[in-house]
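Numbering (the numbering used here), first residue to last: 1 to 85.
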């Protein structure tokens with residue numbers, strides 16, 4: 001099952017009107033045909049909905065992939081085997 005796209009501006013405006021009319025969170029997805037979780041995310045913070053966050057996720061790598069290749073324990077054995085043939 002693929003990912004759904006973001007709410008369009010038309011859908012966002014529909015949700016804003018429904019919120020002012022005090023529609024329930026269970027009723028909104030049926031009318032807009034989007035998931036309840038995406039609607040909940042929009043209603044929790046409509047100003048920053050759909051923007052990418054600049055937060056850093058995860059721990060910074062201590063060694064780059066190039067450093068990892070340099071430190072491979074069998075790198076000399078692989079090189080010696082290719083020269084013997």
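The beta carbon of each residue, even a glycine, is placed where N, CA and C say it ideally should be.
Runs of the alpha helix (DSSP H) spanning 4 or more residues and lying entirely within the segment 8-53 occur at 9-20, 28-32, 36-44, in chain order. Residue 46 and residue 12 do touch by the CB rule: their CB atoms are close to 7 Å apart, below 8 Å. Per DSSP, reduced to three states, the secondary structure at residue 65 is helical.
The C-beta separation of residue 9 from residue 43 comes to about 15 Å, leaving the pair out of contact by the 8 Å criterion. Just measuring C-alpha positions, the residue of 23, 28, 51 sitting nearest residue 6 is 51.
39 is the residue among 62, 59, 39 whose C-alpha sits nearest the C-alpha of residue 25.
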